[in-house]
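Okay, structure first, notes after.
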Amino acid sequence: MSIAIRRRVQLVVLLGPVSLFLAVFFLGPLAIMMVTSFLAPGLYGGVEWTFYPHNFGRILGFADPMFEDFDPVYIAIFLRSVKIAALTVLAALLVCYPAAFCIARLSERWKNFCLFLITLPFFTSLIVRLFVWVLILRQTGLVNEMLLSTGMIARPLDLIYTDGAIILGMVYVFIPFMFMPVYASVEKLDWTLVRASLDLGAGPIRTFWRIILPLTAPGIVGGAIIVFIPALGNFVVPAILGGAKVMMLGNLIEQQFLAARNWPFGSALAMMVMSVMLVLLLVYVFASGRRGADAALNR
Amino acid sequence: MQDSIVRLEGASKAFATPEGGSVTALDAIDLQVRRNEFLTLLGPSGCGKTTLLQAISGFVELDGGRILIDGEDMTDRPPYRRPVNTVFQNYALFPHMTVGENTAYALEVAGVAKAKRREQVAAALKMVGLEGMEGRRPRQLSGGQQQRVALARAIIARPKLLLLDEPLSALDKNLRQAMQIELKTLQHELGISFIFVTHDQQEALTMSDRVAVLSGGRIQQLDTPRAIYDRPVNSFVATFIGASNLFEGRIDGDRLMTSDGTEIRYRRTPSTTSGAATALIRPEQFFLADAGEPSPTLDVDLEAIVFVGSTFELFGRTPAGRKIVAEIPAGRRSLIGEIERTRRARLAYDPAAVHLIQPCAEA
Ligand SMILES: Nc1ncnc2c1ncn2[C@@H]1O[C@H](COP(=O)(O)OP(=O)(O)OP(=O)(O)O)[C@@H](O)[C@H]1O
Ligand SMILES: [Mg+2]
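Each protein sequence line maps, in turn, to chains B and R. Residues in the first sequence are numbered from 397 upward in steps of one, following my numbering. Residues in the second sequence are numbered from 3 upward in steps of one, following my numbering.
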């Protein structure tokens, strides 16, 4: 047996199980979803086996197959979901980026301790943690009670069931996902480069924009993607902290499957979310791939 | 106009150690660097060389004392407002910028127009022998080329002073020697003062106008390379630079008597006092005495003789057990053969070449 053939056999043996797993449990459902999205909804749930592209028409805002009434309600939900996910990314970044610098400067022991603290929330249930936020934010919650008792406000504030509450909850949930990649690149930052910049006459602000930010950008972009994608499809946080008032893509899809029992439309929505994410990821991979190739060239 | 470009007055710095104590990195240093001078800081590891450079560039805040650059007090100025640039040991080139952008950085920061910048970058790169490399990335360059970019980047804005912290230590020997010469030439062309840090005494002696020997946060001696080699002010400097034979003893007329009875002759000068002193004889000042040699001599028992090319190094002991090292030109093969047979040598020296280190001169 030649080395090349042996290599190939090895590769098949090593990658076999994972490929099989992905094929059965990822590509399979994906294919089912894709097919479903082109079928008509059944009267009492389930599907009718006829070709029915109108699910996508509905997403675009045409309420019936005749393309007459135009009401882009789903586009609006999509856009507000994108807005909330983007704000979540931004807020998480504002929290994590400075924190990463602080933690990177600590001694080894404190560093590890802080990293442990950041992963600590994973040890309890997400639902439980979100309900704690309900207790804090609701009209008779901790914050309102405190503000009322100090007399700073006369009536309880509407804190919960707002976009702000959703963003707060999302930031809370996704902080570890933002922190890890950001921290990884901040910790790697070579401080002699910062010194070199100061030495060459650049003040702290210019040094930040020209040296620190570009060199930590990979972590920022990575963290942004890792947070943006699940934030866009998240339905737990809007369900608990957004109440019935705030509809996001995740809730919408969940609703189509569980409450409205319109699987084809739910599938179509899910397909749309996925394709948006795919495009984003491809852009990222393409950009970083070029950078990677650049780096490989420069080695 | 002052003739010194940099003045340190009583510059002091101590660092706290994790154990709760403190290390004195700079011990009330007074130093003046002249215009257009190539000054080298030389000293053992941990003696404060880097700290001294960083005090000048502004990255280390002094506990006491002042720093003046070109007559202006810089003590409380941040690094980015000092007319000083540094060549870092690991080059510290910005990896996300091209060679051209790296080189132009100081100009860009200073707000020089783009066309002018490009012109100056081309000139600076030409100066360090990297013409036309503007578009490359630092990673695409060899160590020596990166070193040159770092140099071009540091000189492009014409600082009043260039600081170089062991810039050559990562290069191999041949490249190092080539760069030594280039640095020296460059300094001459630019007319900028250089403060250069090195571990390598050969480098210090060949490149510098003056050398400052540091130890324990103090300047032990600041003088020309020759003076430092020929007339060290204390035994630390004498042993740190070059090989040496030191004889501690008491002055007695025109000779020095050590406690083990060795007698060293020297030529008295008006400044010679009496009392305790140390005589220095460099290995190459010994020569093999022929019969009837008029010069004073030392008899040694041979321990080893090593051929190093142009010379033989001869290691021996006096009858009293004192170690002696001598360097004999390789031309005297017949005498060497004789010494190897008898295992004894009579080493002569010129009393005028003996340097006397007197305690009053020691710090
Ligand atoms: N940031 C710091 N914190 C604590 N101690 C320091 C710090 N920087 C330097 N020191 C101490 O100050 C002393 C002088 O250090 P410095 O780096 O100036 O030595 P150096 O002469 O440059 O040595 P080398 O030749 O090894 O580079 C050393 O004892 C060092 O341990
Ligand atoms: Mg150092």
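Glycine included, each C-beta is placed from N, C-alpha and C at the ideal position. If you're wondering where the values come from, they're calculated on a predicted model, not measured in any experiment.
Asked                                                                                                                                     : Found
Residues from the stretch 583 to 598 of chain B in contact with chain R, defined by Cβ distance under 7 angstroms                         : THR588, LEU589, ARG591, ALA592, LEU594, ASP595, LEU596, GLY597 and ALA598
8 angstroms CB neighbourhood of LEU693 (chain B) in its chain, flanking five on each side removed                                         : At LEU693 (chain B) the pLDDT is 46, less than 50, meaning the model places this residue with poor confidence and gives no usable figure here.
Proximity test, THR19 (chain R) beta-carbon vs ligand 2 heavy atom, cut-off 7 angstroms                                                   : no
7 angstroms Cβ shell around ASN630 (chain B) - same chain, five flanking residues per side excluded                                       : MET566 and GLY646
Run of the beta strand (DSSP E) containing GLU444 (chain B), from where it starts to where it stops                                       : 443 to 447
Residues within the stretch 144 to 169 of chain R neighbouring chain B, beta-carbon criterion of under 8 angstroms                        : ARG155, ALA156 and ALA159
Segment contact flag, the stretch 655 to 669 of chain B with the stretch 591 to 601 of chain B, C-beta cutoff 8 angstroms, min 3 pairs    : no
Contiguous alpha helix (DSSP H) assignments of at least 4 residues, all confined to the stretch 124 to 167 of chain R                     : 145 to 157
Proximity test, LYS175 (chain R) beta-carbon vs ligand 2 heavy atom, cut-off 7 angstroms                                                  : no
Segment contact flag, the stretch 62 to 69 of chain R with the stretch 136 to 149 of chain R, C-beta cutoff 8 angstroms, min 3 pairs      : no
In DSSP terms, what ILE71 (chain R) is bridged to                                                                                         : R:VAL8 and R:GLU74
is_contact[THR88 (chain R), chain B] using C-beta, thresh 8 angstroms                                                                     : yes
Proximity test, LYS15 (chain R) beta-carbon vs ligand 2 heavy atom, cut-off 7 angstroms                                                   : no
Whether LEU207 (chain R) touches ASN87 (chain R) by CB criterion (8 angstroms)                                                            : no
Three-state secondary structure (DSSP) of ALA635 (chain B)                                                                                : helix
The stretch 603 to 637 of chain B: positions lying closer than 7 angstroms to chain D by Cβ                                               : No chain D appears in the structure shown, which is made up of the protein chains B and R.
Helix, strand or coil at MET566 (chain B) according to DSSP, with G and I counted as helix                                                : helix
THR52 (chain R) beta carbon near ligand 2 (any heavy atom closer than 7 angstroms)                                                        : yes
Euclidean distance between Cα positions of GLU364 (chain R) and ARG138 (chain R)                                                          : With a pLDDT of 42 at GLU364 (chain R), under the threshold of 50, the modelled position of this residue cannot be trusted, and the question is left open.
Proximity below 8 angstroms, CB of VAL89 (chain R) to CB of LEU166 (chain R)                                                              : yes
Which residues DSSP lists as bridging LEU300 (chain R), in chain order                                                                    : R:LEU349
Closer than 8 angstroms to chain R by CB, VAL681 (chain B)                                                                                : no
Paired residues, beta bridge with SER14 (chain R) - DSSP                                                                                  : R:GLY66
Ligand 1 heavy atom lying under 7 angstroms from the CB of ALA27 (chain R)                                                                : yes
Distance, ILE194 (chain R) Cα to LEU41 (chain R) Cα                                                                                       : 11 angstroms
Local Cβ density within 10 Å of LEU316 (chain R), reported as buried at 16 or more and exposed below that                                 : buried
Span of the beta strand (DSSP E) around SER24 (chain R)                                                                                   : 24 to 36
Neighbourhood of VAL130 (chain R) by C-beta distance below 6 angstroms, restricted to the same chain and skipping five residues each side : ARG150, LEU153 and ALA154
Runs of beta strand (DSSP E) wholly within the stretch 303 to 346 of chain R (minimum 3 residues, chain order)                            : 313 to 319 and 325 to 331
Contiguous alpha helix (DSSP H) assignments of at least 4 residues, all confined to the stretch 204 to 237 of chain R                     : 227 to 232
Cβ-heavy atom distance, ASP167 (chain R) to ligand 2, below 7 angstroms                                                                   : yes
Bounding residues of the beta strand (DSSP E) (the contiguous stretch that carries ASN87 (chain R))                                       : 86 to 89
Interface flag, ALA112 (chain R) vs chain B, CB-CB below 8 angstroms                                                                      : yes
Coarse secondary structure for ARG267 (chain R), derived from DSSP in three states                                                        : strand
Under 7 angstroms by beta carbon: chain B residues contacting PHE61 (chain R)                                                             : ARG591
ALA108 (chain R): contacting residues in chain B (beta-carbon distance under 7 angstroms)                                                 : LEU596 and GLY597
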